[in-house]
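Undergrad: Residue numbers (this note's numbering), protein chains in the order written: chain X, -6 to 405; chain W, -6 to 405.
Before we start, here is the structure in question, set down as C-alpha cells.
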C-alpha cells in the first residue's frame, strides 16, 4: 500500500506515444470513407474535368471572332449546331465565323476557346446569332484538367476525409482508398462491486458505468470498441481475460482500481503478461493520477481510474492522443479549444496539472464565454454531465483569478 | 429562360424551417445512442449511487468518535469487520467506538457517517485501529442519491447524447432512450452528362460527384443518406423517380440544373408533384442563388445547384438547419465559428450574402488565424478541398479590407 509513485508529467506521457507506429492500412469504399485518415498520398491519374467544359448556357465560339463587337456593332456568327448535354462536343469543329449552341457543363467543340453567355447574344436569323459583348480566350470555360491535371497530388497522407474530398475522388473515378485501420480497443471493467448496466444491483453493488462511457469515447475518437464486460478481482482470471482481450485489440483499457490496492493489482496483472513493459505508474495530473500504462510490442495497456469522471479526463488527455497516433493523425489531443473568461477564482495545486470541468456561458457583445467550474467529488457523474469541457491549469500555477482569459478544451 | 427570380434572403429561407416539425421519436439502445438527440426529458427513477459509498480506502466510522483526535492523542476504535467490495456494508452496524475496514466504492455500514483515509490510521492491535486525524460527518463519502436522487432531471429534451451522458444512463439502469429519428434524405443527381462514379465516362460525359458529396454531408449531419443515383433530363421519368424517392424519405435533394433551363425543369417537376407547395425560387446568396425549395406536408424538396462547390454551401446554409430542425436541435447552422483575420482584401457584391471559401493559417503568439480566400470557378473542386471553412460577407457589405477580424464557419 505504497502511495509514493514516481509520477510522470502529462507531456512526457504523451511523448511516449511517438514510439508507437500508426496501424496498417486497409482499402475502403469511398462511400464509407468519411472521417477516415488517408494512409497514402493520392495522386490523380486522369484529368478533371476530362474535357473543356462550358460554365454557362450560351454559344461556344472562337474568342477572336468576338473581339471588338459591341451592342451597336454586333459580331454575326453562323450557328453550326447544338451540343446536347452528355454528347461529345468534339464531334463539331468551329471554323472562323462559326459558333455552336452549348449548355452549362457541355463539352466545347474543336477550335472553340470561349463561351458567350446567352444574355449577350440575340438570334439574328435561323442560322445566325448576333454577339454583342466580346469574350477573352478561356472565358466561361473550365479547361480539361484545370481542376486536377494527371499526376497532381489530390490529398496528403494523414488527411481526414471530408465530403468534398470524397466528391473529388468520385470525380476522378477513385472508388476505394487506403486508410489507416481503426484502432481496436478492448474495454474491461474490474471490481467485485460491479454488475452489468442492464441488471438491478443487489446490496453493496452498483452498475458498470465505465464500459458504456469508454466505449462511446472510443467510437467518438474513431476507434472500434470491444466491450468485454466486468472482471472480478481475481488475479489469474484477470490475467487470462486481459491476455485474451489484448490478443484481438490494439489497446486494452482496464478501468477500476481507484484504490491503492486495486491499482497495485492492475499493475501486477500487466507486469505478469509476457512481453509487457511497464511505462507509467502514475501521472502528475488531477484527476487521473493513478493511471498506468504498459506496452506490448505496438500495443498499449492502460489502467484507468475507476471513477468515471477521472477516467474520462485520462481518456481525453492520454488515450485519445494514442488512438490518433495509431490512426495516422499524430499523438495530439485533437480537441477544439476556445478562449474563455474565468467566472470565479479557481484554486489549483502546485505540482499537478489540473483539468477543471467547466461549463461555458455565452456572453453578449461577442465577448468570450464565461467558464464556471463544475465542482463535485470525482465519484459523481452529475458535474461531468453539466460540463462543456476541461480547463487545464499548469503544474506550476497556484490557480486562476476571476476574470482571467484561459483556453478551454471542448468535449468533442 | 427568365433569369428574374424573386430571391429570398438567407435568413428568411432558414426561418421557413421553424414550420417543419421534428421527426417522431424511436427507442434506441444506450450503446448506440451516441450523438443522437433526446426526444424527451429523462428523469431518474432511482438513486445514484444506490447506497452511501466510501470514496477512499480506510475505515468507516461514526465521525463523532474521531472528534478531537490528533497524532499525539489518537482515537482508538474497535474494528468489527471488513466490508468486502461488492458485499453489503449494511450487514454491519457500528456502535459507538467501532469502525469497519472499507475500500473505495464500498457500502458504508449502518450508523457510519464518514470514512477515515487509511493514511491517517495505524493498526493498534489485532482488533483496534488508531485514528490520528478527525473526520467530519459525510467526509470521504458519497451519500445515496447524492449524484442523482429519484425524480431528478437527468438530461433535457434536445440534448445531444455524449459519452458521459450515456454513462449516467447506464448507472441508473436505463438501457434504451427515446431519440428523434434520423432524417432520411433521398439524393438524386440529374443531368444527361452524368455517369456513375465507378464508370469511365465516354466523350462529353463526366462522373457524378454530387451523390458522393451530398451523401457524406447528410451522414455528417446525422441523417441517413439514400442514394438514388442519376436521373436523365426526362420530365415524366424525373417526376416518377422524385415521387418514389420522397415516398421513403423526409427530404429530397435533387442536384444538377445549374443552367436556367435545367432550373426551370426542376421547378416544373417539383410543382407537378401532387401536394407540393413551392416555397423558394432562388436565394440571395453566392454561391447558391438558383436553389429551389418545395414542401410536401412535413417533407422538403431541395433543388440544389449542379456545381458541387455551390451545392456544398447551400447544404451547410440551408439543408443542414432543416436536418437539425427535424432532429430536434432547432433550425440552426450548428457549425463551429472561429474569429479570423482577413489575409487580404476580399471583394463582395451588394445584395448577396457571400460565402467565401477560406483557408485558415495559424499565427504565432496566440493571434487569431489568418483567413485567405481560396478562389476558383464554382465548377472547380480543388478550392473546396483546400478550404477549411466559409467566411460570410453580409448582403449590404461591399467586401472586407485586409486585416479585418471576421467570423469563419468551420466545415464540420
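Just so you know, even glycine gets a beta-carbon here, dropped at the ideal spot from N, CA and C.
If we define contact as Cβ-Cβ less than 7 Å, is residue 48 of chain W a contact residue for chain X?
TA: yes
Undergrad: Near residue 163 of chain X, what residues of its chain come up, given a Cβ to Cβ distance below 8 Å and the 5 sequence neighbours on each side ignored?
TA: 23
Undergrad: Return yes when the Cβ of residue 384 of chain W is within less than 7 Å of the Cβ of residue 401 of chain W, no when it is not.
TA: When the beta-carbon positions are compared, residue 401 of chain W and residue 384 of chain W come within less than 7 Å of each other.
Undergrad: For residue 157 of chain W, decide whether its Cβ has a neighbour in chain X, counting only Cβ atoms nearer than 7 Å.
TA: yes
Undergrad: Return the residue from the list W:54, W:189 and W:333 that minimises the CA-CA distance to residue 71 of chain W.
TA: W:54
Undergrad: Within 7 Å of any Cβ in chain B, is that where the Cβ of residue 229 of chain X sits?
TA: Given the protein chain composition of this structure (X and W), no chain B is represented.
Undergrad: Output yes if chain W places a C-beta closer than 7 Å to the C-beta of residue 100 of chain X; else output no.
TA: Chain W, which has a Cβ nearer than 7 Å to the Cβ of residue 100 of chain X, makes this yes.
Undergrad: I want to verify the contact list: residues of chain W whose CB lies under 7 Å from the CB of residue 329 of chain X, in sequence order.
TA: Near residue 329 of chain X (Cβ distances below 7 Å), the residues of chain W are 329.
Undergrad: Please classify residue 13 of chain W as buried or exposed, where buried requires at least 16 other C-beta atoms within 10 Å of its C-beta.
TA: Buried: at least 16 other Cβ atoms inside 10 Å.
Undergrad: Could you check the C-alpha separation between residue 140 of chain X and residue 147 of chain X for me, to the nearest Å?
TA: Residue 140 of chain X and residue 147 of chain X have their C-alpha atoms some 10 Å from each other.
Undergrad: Does the distance from the C-beta atom of residue 328 of chain W to that of residue 295 of chain W stay below 7 Å?
TA: no
Undergrad: Expressed to the nearest angstrom, what Euclidean distance is found between the alpha-carbon atoms of residue 234 of chain X and residue 261 of chain X?
TA: Cα to Cα, residue 234 of chain X sits roughly 14 Å from residue 261 of chain X.
Undergrad: Going by beta-carbon coordinates alone, are residue 338 of chain W and residue 394 of chain W separated by less than 7 Å?
TA: yes
Undergrad: May I ask you to report which of helix, strand or coil DSSP gives residue 44 of chain W?
TA: coil
Undergrad: Using a beta-carbon distance below 7 Å, is residue 292 of chain W in contact with chain X?
TA: no
Undergrad: Within a Cβ cutoff of 7 Å, which residues of the same chain sit near residue -3 of chain W, ignoring the five residues on either side of it in sequence?
TA: Because residue -3 of chain W sits at a pLDDT of 46, beneath the cut-off of 50, its placement in the model cannot be relied upon, and the point is left open.
Undergrad: Got a sec? Which residues, its chain only, sit under 6 Å from residue 10 of chain W by beta carbon, not counting five neighbours each side?
TA: 314, 315, 318 and 324
Undergrad: Tell me whether residue 108 of chain X sits in a helix, a strand or coil according to DSSP, three-state version.
TA: strand
Undergrad: Taking the straight line between their C-alpha atoms, what separation do you get for residue 66 of chain X and residue 92 of chain X?
TA: 18 Å
Undergrad: Going along the region 266 to 289 of chain X in order, which residues come within less than 8 Å of chain W, judged by CB to CB distance?
TA: none
Undergrad: Report the residues of the region 78 to 95 of chain W with a CB closer than 9 Å to any CB of chain X, ordered along the chain.
TA: 78, 79, 80, 81, 82, 83 and 84
Undergrad: Which residues in chain X have a C-beta closer than 7 Å to the C-beta of residue 375 of chain W? List them in chain order.
TA: 140 and 141
Undergrad: When DSSP labels each residue in this structure, what does residue 442 of chain X get in the three-state scheme?
TA: This structure cannot settle anything about residue 442 of chain X, because the visible part of chain X is limited to -6 through 405.
Undergrad: Considering only DSSP beta bridges, list what residue 382 of chain W is partnered with.
TA: In DSSP, residue 382 of chain W forms a bridge with W:351 and W:403.
Undergrad: What residues from chain W crowd round residue 202 of chain X, counting only those whose CB sits closer than 8 Å?
TA: 160, 161, 163 and 164
Undergrad: Using C-beta distances below 6 Å, list every residue in its chain close to residue 392 of chain X, excluding the 5 sequence neighbours before and after it, in chain order.
TA: 339, 340 and 341
Undergrad: Chain W partners of residue 404 of chain X, CB-CB under 7 Å?
TA: Those within 7 Å of residue 404 of chain X in chain W are 155.
Undergrad: Mind listing the chain W neighbours of residue 305 of chain X? Cutoff is C-beta to C-beta under 9 Å, in chain order.
TA: 156, 157 and 160
Undergrad: Answer yes or no: do residue 269 of chain X and residue 242 of chain X have a C-beta to C-beta separation smaller than 7 Å?
TA: no
Undergrad: Residues in its own chain within less than 6 Å of residue 7 of chain X by CB, not counting five upstream and five downstream?
TA: Closer than 6 Å at Cβ, skipping near neighbours: 314 and 324.
Undergrad: Using a Cβ-Cβ distance under 7 Å, would residue 379 of chain W count as near chain X?
TA: no
Undergrad: Between the region 178 to 187 of chain X and the region 151 to 163 of chain W, are three or more C-beta pairs nearer than 8 Å?
TA: no
Undergrad: Just to make sure I have the definition right: I need the residues of chain X whose C-beta is within less than 7 Å of the C-beta of residue 370 of chain W. Which are they?
TA: 48 and 135
Undergrad: Would residue 186 of chain X pass as an interface residue toward chain W - the criterion being a Cβ-Cβ separation below 7 Å?
TA: yes
Undergrad: Give me the residue from X:204, X:45 and X:52 with the minimum Cα distance to residue 138 of chain X.
TA: Ranking X:204, X:45 and X:52 by CA distance to the CA of residue 138 of chain X puts X:45 first.
Undergrad: Decide if residue 263 of chain W is buried, meaning its Cβ has at least 16 other Cβ atoms within 10 Å, or exposed.
TA: buried
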